[in-house]
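Chains as they are written, first to last, in our numbering: chain A, 29 to 224; chain B, 7 to 186.
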């Protein structure tokens, strides 16, 4: 008969409990991460976004007068990169100054921070999408480096989201490399799948 | 030092920092529980984060803010239980014979594994969520059956039965290990 078999139930359970009572601790950043996740969580709790209707006098339906050569247009399209990926905190995938990239950070199991990057010689860029009610000024990208790389980090819940960029306050630009969607008004946007 | 009730009131009105103080006050208390339930420290940290976020979102439903800790424990326990159930589903898809995996893990250690934390934790991980939870609450967190009943919503008779079955299963598993 083994020692375990000789022990009474209570004695055995107490012995297992003693082993399992070894202390466990987490790192000092637990609260910092928690606050960050809660703030991200609150942002995504805004009222459900709606796409503007044809009757809504919104900025992006105003015809934009933009003179752009085919070559410049092609270069601009090629330089526009947006991507998304899951990963652990702070994992950089590539250098976006050269290739364009997104670093996605998992804030918690249902929220991820997605970095949207736009590369081009423009004066301003905003990110619009179903996650911000398609508001043109809701999420301006910030220029970094040479001033041609524009970046914004957005906390997004897991799922499918539509988005596009607004260049210089009036030009609607979808991601040429991502899946696209064209709505009833023939406006093209892009699709990102977070957490898939 | 602010009371739990004061911090809950501030957090309910949107003060995230107040909630972080509550988190700091309670998270160590629930860390070991989460690690024992989930099986790994990294995953336990994620689960605890999710539980605390859920708690923040549900603060309005905390009926007695002076007993915030007990209320939070319920959420942590629920989150851990849910995680364990999902984890078990995932693992069933990957590993059909857990006993083979367990025996292989113990054998490969090459040492007398009796009573080591790693092995007891592994055996604990073979229990289903409710039995694991009952054992951890009773013999690791050393809660009374009344406290366990408040947290889990189960009655004390059911909890005693869960603990008894958990002990029996743990004993079987560890006997098998020693026979390897």
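Even for Gly, the Cβ is constructed at its ideal location relative to N, Cα and C. This structure is a prediction, so every number in the text was calculated from the model and none was measured.
Minimum C-alpha distance to residue i - residue among the options
i: residue 71(B); options: 128(B), 149(B) and 16(B); result: 16(B)
i: residue 197(A); options: 178(A), 60(A) and 153(A); result: 153(A)
i: residue 49(A); options: 83(B), 159(B) and 142(B); result: 142(B)
i: residue 24(B); options: 135(B), 10(B) and 162(B); result: 10(B)
i: residue 141(A); options: 42(A), 182(A) and 191(A); result: 182(A)
i: residue 171(A); options: 36(A), 160(A) and 145(A); result: 145(A)
i: residue 221(A); options: 157(A), 169(A), 149(A) and 175(A); result: 157(A)
i: residue 138(A); options: 186(A), 151(A) and 162(A); result: 186(A)
i: residue 62(A); options: 62(B), 181(B), 131(B) and 49(B); result: 62(B)
i: residue 178(A); options: 160(A), 155(A) and 199(A); result: 155(A)
i: residue 151(A); options: 217(A), 184(A) and 195(A); result: 195(A)
i: residue 27(B); options: 56(A), 51(A), 52(A) and 45(A); result: 56(A)
i: residue 162(A); options: 175(A), 176(A) and 216(A); result: 216(A)
i: residue 132(B); options: 160(B), 179(B) and 124(B); result: 179(B)
i: residue 37(A); options: 182(B), 177(B) and 181(B); result: 177(B)
i: residue 125(B); options: 7(B), 18(B), 46(B) and 32(B); result: 46(B)
i: residue 193(A); options: 175(A), 218(A) and 40(A); result: 218(A)
i: residue 188(A); options: 223(A), 167(A), 175(A) and 169(A); result: 223(A)
i: residue 135(B); options: 94(B), 163(B) and 162(B); result: 94(B)
i: residue 65(A); options: 30(B), 60(B), 163(B) and 84(B); result: 60(B)
i: residue 75(B); options: 33(B), 88(B) and 38(B); result: 33(B)
i: residue 44(A); options: 66(B), 156(B), 155(B) and 130(B); result: 130(B)
i: residue 190(A); options: 199(A), 53(A) and 159(A); result: 159(A)
Beta-carbon proximity of residue i to residue j, cut-off 8 Å
i: residue 54(B); j: residue 40(B); result: yes
i: residue 86(B); j: residue 77(B); result: no
i: residue 57(B); j: residue 90(B); result: no
i: residue 137(B); j: residue 168(B); result: yes
i: residue 58(A); j: residue 49(B); result: no
i: residue 139(B); j: residue 122(B); result: no
i: residue 79(B); j: residue 128(B); result: no
i: residue 147(A); j: residue 167(A); result: no
i: residue 14(B); j: residue 67(A); result: no
i: residue 206(B); j: residue 51(A); result: The requested residue 206(B) is not part of the displayed model; chain B covers only 7 to 186.
Residue range of the alpha helix (DSSP H) that includes residue i
i: residue 54(A); result: Where residue 54(A) is concerned, there is no enclosing alpha helix (DSSP H), given that its DSSP letter is neither H nor E.
i: residue 61(B); result: 47-63
i: residue 14(B); result: 10-18
i: residue 49(A); result: No alpha helix (DSSP H) contains residue 49(A), which DSSP labels as neither H nor E.
i: residue 23(B); result: 22-44
Residue range of the unbroken beta strand (DSSP E) whose run includes residue i
i: residue 122(B); result: Looking at the DSSP string, residue 122(B) is not in any beta strand (DSSP E), and its letter there is neither H nor E.
i: residue 190(A); result: 187-195
i: residue 223(A); result: Careful: residue 223(A) lies outside any beta strand (DSSP E) and carries neither H nor E.
i: residue 159(B); result: Note, residue 159(B): premise wrong, no beta strand (DSSP E); not H, not E.
i: residue 141(B); result: Premise fails: residue 141(B) lies in the alpha helix (DSSP H), 135-141, not in any beta strand (DSSP E).
i: residue 157(A); result: 153-157
i: residue 162(A); result: Counting along the chain, residue 162(A) falls outside any beta strand (DSSP E), and DSSP gives it neither H nor E.
i: residue 199(A); result: 199-201
i: residue 172(A); result: 170-172
i: residue 242(B); result: No information on residue 242(B) is available, as it lies outside the stretch 7 to 186 that chain B covers here.
Residue i Cβ short of 7 Å to the ligand MN heavy atom set
i: residue 203(A); result: Absence of the ligand MN from the depicted structure is noted, as is the absence of any ligand whatsoever, leaving it without description.
Touching by the beta-carbon criterion (3+ pairs, under 8 Å), the region 147-159 of chain B and the region 170-177 of chain B
The region 147-159 of chain B makes no contact with the region 170-177 of chain B: fewer than 3 CB pairs, one atom from each, lie closer than 8 Å.
Measuring CB atoms only, is the region 136-149 of chain B touching the region 42-61 of chain B, in the sense that at least three cross pairs come out at less than 8 Å?
Touching, yes.
Relative to chain B, which residues along the region 37-64 of chain A have a C-beta separation below 9 Å, given in chain order?
37, 38, 40, 41, 42, 43, 44, 45, 46, 47, 48, 49, 50, 51, 52, 53, 54, 55, 58, 59, 60, 61, 62 and 63
Scan the region 55-76 of chain B for residues whose Cβ lies nearer than 8 Å to a Cβ of chain A and list them as they occur along the chain.
If the cut-off is 8 Å between Cβ atoms, the region 55-76 of chain B has 55, 56, 58, 59, 62 and 63 near chain A.
Which residues, taken in chain order from the region 32-49 of chain B, show a beta carbon closer than 7 Å to some beta carbon of chain A?
33, 34, 37, 38, 41, 42 and 47
Using a Cβ-Cβ cutoff of 9 Å, what residues of the region 143-159 of chain B are near chain A? List them in chain order.
144, 145, 146, 147 and 148
Chain A contacts made by the region 78-94 of chain B, where a contact means CB separation under 7 Å:
none
Using a Cβ-Cβ cut-off of less than 9 Å, list which residues of the region 14-27 of chain B approach chain A; keep chain order.
20, 22, 23, 25, 26 and 27
When you check each C-beta in the region 167-183 of chain B against every C-beta of chain A, which residues fall closer than 9 Å?
169, 170, 172, 173, 174, 176, 177, 180 and 181
What residues in the region 178-194 of chain A bring their beta carbon closer than 8 Å to a beta carbon of chain B?
Across the region 178-194 of chain A, no CB contact with chain B closer than 8 Å is found for any residue.
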